[in-house]
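Numbers in the numbering used here are just positions in the sequence shown, counted from 1, shifted up by 5.
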Amino acid sequence: MKWPAQRLSAASKKSFGMFDEASKLDADGVDLIHLEFGRPHADTPAHIKEAAKAALDAGIVHYGDFRGTLSFRQALAEKLKDFNRLDYGPDEILVTNGLTHASFAAFMAAIDPGDEVILLDPYYPQHIAKTELAGGRVVIAGLDKENNFSISKAAIAAKITERTRMIVLVNPANPTGRVYSAQELQHIADLAIEHDLLVLSDEVYEYITYGHAQHVSIASLPRMRERTITCFAFTKAYSMDGWRIGYLTADARLMPAILRITMTDVTHVNVFVQEGARAAVEGPQDAMRAMVEADRRKRDIVVQALNQMPGVFCAEPEGTIYAFPDISGTGWASDDLAMAILTEAHVVVESGSFYGAGGEGHLRVCFGSESEARVTEAMERLTRFFNTAEQPLRKKPISNIKGDAQ
Ligand SMILES: Cc1ncc(COP(=O)(O)O)c(C=O)c1O
6 MKWPAQRLSA ASKKSFGMFD EASKLDADGV DLIHLEFGRP HADTPAHIKE AAKAALDAGI
66 VHYGDFRGTL SFRQALAEKL KDFNRLDYGP DEILVTNGLT HASFAAFMAA IDPGDEVILL
126 DPYYPQHIAK TELAGGRVVI AGLDKENNFS ISKAAIAAKI TERTRMIVLV NPANPTGRVY
186 SAQELQHIAD LAIEHDLLVL SDEVYEYITY GHAQHVSIAS LPRMRERTIT CFAFTKAYSM
246 DGWRIGYLTA DARLMPAILR ITMTDVTHVN VFVQEGARAA VEGPQDAMRA MVEADRRKRD
306 IVVQALNQMP GVFCAEPEGT IYAFPDISGT GWASDDLAMA ILTEAHVVVE SGSFYGAGGE
366 GHLRVCFGSE SEARVTEAME RLTRFFNTAE QPLRKKPISN IKGDAQ
């Protein structure tokens, strides 16, 4: 018997990074502070829960529209106009089980065997498996590391071939915390238009921006609406990760193929969950804004603390719930340092190389997943770790750089 299918073998070689390592210590009862999960700390706002409960009580329990409830998609169309400056009608919006499902459907609808998909390194590792499951080939283009991981038009242009089909963008960016400017996004837009490519834009952190950073949806740039599939979710800003709800937008010409995928894999998304998410879009936004403000405070604690640690430099994240400190000055390789921090400081952070070779020399520190008190304690543990007298003796030379699956 041949088992499993080859595409699964190819895609399943990814690990869960430090989560796997930490689980062993968790099982032994060690008090770990988890700064590796990209999950929000707060509970879902009460009015959202109430709307879902009311929907259940009202008997909203039967099959619904394959694309998502019309009233919900109409509410989303308004949100897209107001916040993203995107003009998509309800028929160009598809409700999905979180962003993961939205982008999976987009990959499956867009990618043929042998097509090349460009990921910007450091990248979000899920996009590798999605490319492979669709039969495509991952092509890595580096972000400009020397310039706070900005978008380099030349680096992307150098990777475009006859087989290139799609460029994948994560904005605001996980793991770097960048919020790309309209000028940076224009580089991708210019290349996509010149070479007739699709862009998949993952905007799961759209609301989580700080200070002057402003989120721009690439589909709002001239001539990008028709070639961009934008994926959104309620996961992060509304603290609804376990609800599994998101949506995508695509031009009417692209939508039927995407819908064929989602009708096949899930039929449609749970109807009373959609009612909760509709309350999130239509209701008061103050709870969501308060959660982003709490993230900003935790970001400041983390950035300030990391910048005091010897050999560490941390640029201020403009958005997301991640700091991506440069630890190359410590002399440690990222994997080794993340492991030492786990076993000795009992703090779980992700190695930068988990996100590709471009992430080597960095750690990803998620400040969104724990309370302010626990994040503060984690920084105290790290400070002690970096300042212990013996610590430099434990330094190892930069060992093999392990890029993720590439
Ligand atoms: C860039 C990015 N995309 C997608 C997801 C997953 O989103 P969801 O839980 O809505 O599927 C995450 C979660 O960490 C993420 O960081």
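For glycine and all other residues, C-beta sits at the position ideal for the given N, C-alpha and C.
Check this for me: beta carbons of residue i and residue j, under 7 angstroms apart or not?
{"i": "S206", "j": "T235", "result": "yes"}
{"i": "A238", "j": "V209", "result": "yes"}
{"i": "G247", "j": "G103", "result": "no"}
{"i": "G357", "j": "E365", "result": "yes"}
{"i": "E280", "j": "A57", "result": "yes"}
{"i": "T105", "j": "V122", "result": "no"}
{"i": "I38", "j": "R379", "result": "yes"}
{"i": "I306", "j": "A110", "result": "no"}
{"i": "G69", "j": "V370", "result": "no"}
{"i": "F329", "j": "H367", "result": "yes"}
{"i": "S222", "j": "L125", "result": "no"}
{"i": "V297", "j": "I213", "result": "yes"}
{"i": "S244", "j": "A59", "result": "no"}
{"i": "V352", "j": "A27", "result": "no"}
{"i": "I332", "j": "L342", "result": "yes"}
{"i": "M293", "j": "A242", "result": "yes"}
{"i": "I116", "j": "G94", "result": "no"}
{"i": "P50", "j": "G182", "result": "no"}
{"i": "A160", "j": "A178", "result": "no"}
{"i": "M384", "j": "A310", "result": "yes"}
Using alpha carbons as the reference points, say which of the options lies closest to residue i.
{"i": "R78", "options": "A285, F109, L174, E189", "result": "A285"}
{"i": "R283", "options": "T393, L30, L81", "result": "L81"}
{"i": "Y327", "options": "F42, D256, D96", "result": "F42"}
{"i": "L148", "options": "V173, R249, G141", "result": "V173"}
{"i": "P127", "options": "G373, F359, R294", "result": "F359"}
{"i": "G216", "options": "H67, G324, F390", "result": "G324"}
{"i": "L40", "options": "P180, S186, A242", "result": "P180"}
{"i": "Y185", "options": "S155, A160, I145", "result": "S155"}
{"i": "A10", "options": "D36, S339, L138", "result": "L138"}
{"i": "G363", "options": "N153, R389, K158", "result": "N153"}
{"i": "T240", "options": "L190, V143, P45, P289", "result": "P45"}
{"i": "V143", "options": "R389, G361, A383", "result": "G361"}
{"i": "S157", "options": "D96, E189, G288", "result": "E189"}
{"i": "R249", "options": "R265, L30, V271, D36", "result": "V271"}
{"i": "I266", "options": "T101, H192, A295, A187", "result": "T101"}
{"i": "V175", "options": "Q191, H192, Y129", "result": "Y129"}
{"i": "S76", "options": "D96, M344, M23, L30", "result": "D96"}
Can you tell me which of the three DSSP states residue i falls into?
{"i": "E323", "result": "coil"}
{"i": "L90", "result": "Leu is not the amino acid found at residue 90; the sequence shown has Arg there. Of the three classes helix, strand and coil, the one that applies to R90 here is coil, per DSSP."}
{"i": "A57", "result": "helix"}
{"i": "G251", "result": "strand"}
{"i": "V175", "result": "strand"}
{"i": "Q156", "result": "Note on residue identity: the sequence assigns Ile, not Gln, to residue 156. I156 falls in the coil class under three-state DSSP."}
{"i": "V354", "result": "coil"}
{"i": "S206", "result": "strand"}
{"i": "A146", "result": "strand"}
{"i": "Q42", "result": "This sequence places Phe at residue 42; Gln is not what is there. The answer is coil: DSSP assigns F42 none of H, G, I, E or B."}
{"i": "H367", "result": "strand"}
{"i": "V449", "result": "Only positions 6 to 411 of the chain appear in this structure, which leaves residue 449 out of reach."}
{"i": "I98", "result": "strand"}
{"i": "V286", "result": "helix"}
{"i": "V308", "result": "helix"}
{"i": "A224", "result": "helix"}
{"i": "L379", "result": "Residue 379 is actually Arg in this sequence, not Leu. It is helical."}
{"i": "T181", "result": "coil"}
{"i": "R170", "result": "strand"}
{"i": "S404", "result": "For S404, the pLDDT reaches just 46, beneath the cut-off of 50, and the residue's location in the model is therefore unreliable, leaving the point undetermined."}
{"i": "D291", "result": "helix"}
{"i": "D126", "result": "strand"}
Since residue i and residue j should fall inside the 8 angstroms C-beta cutoff, what is the C-beta to C-beta distance between them, to a whole number of angstroms?
{"i": "E211", "j": "H220", "result": "5 angstroms"}
{"i": "R232", "j": "L203", "result": "6 angstroms"}
{"i": "M171", "j": "A194", "result": "Contact doesn't hold; Cβ gap of about 14 angstroms is too wide."}
{"i": "G64", "j": "H273", "result": "About 17 angstroms separates the two Cβ atoms, so there is no contact after all."}
{"i": "A107", "j": "L253", "result": "4 angstroms"}
{"i": "P289", "j": "H52", "result": "7 angstroms"}
Let's test the definition: count the other Cβ atoms within 10 Å of the Cβ of residue i and tell me whether it reaches 16, buried, or not, exposed.
{"i": "H132", "result": "buried"}
{"i": "T269", "result": "exposed"}
{"i": "H67", "result": "exposed"}
{"i": "P315", "result": "exposed"}
{"i": "S14", "result": "exposed"}
{"i": "L226", "result": "buried"}
{"i": "G373", "result": "buried"}
{"i": "M4", "result": "Outside the shown range of the chain, which is 6 to 411, sits residue 4, and nothing can be said about it."}
{"i": "S376", "result": "exposed"}
{"i": "Q411", "result": "Unreliable placement is indicated for Q411, whose pLDDT of 29 sits below 50; the coordinate value is still reported in the next sentence. Looking at its Cβ environment, which holds fewer than 16 other Cβ atoms inside 10 Å, Q411 is exposed."}
{"i": "W337", "result": "buried"}
{"i": "S404", "result": "Legend: pLDDT at S404 = 46, less than 50; position of this residue unreliable, value from coordinates given subsequently. With fewer than 16 other Cβ atoms within 10 Å, it is exposed."}
{"i": "T393", "result": "exposed"}
{"i": "K86", "result": "exposed"}
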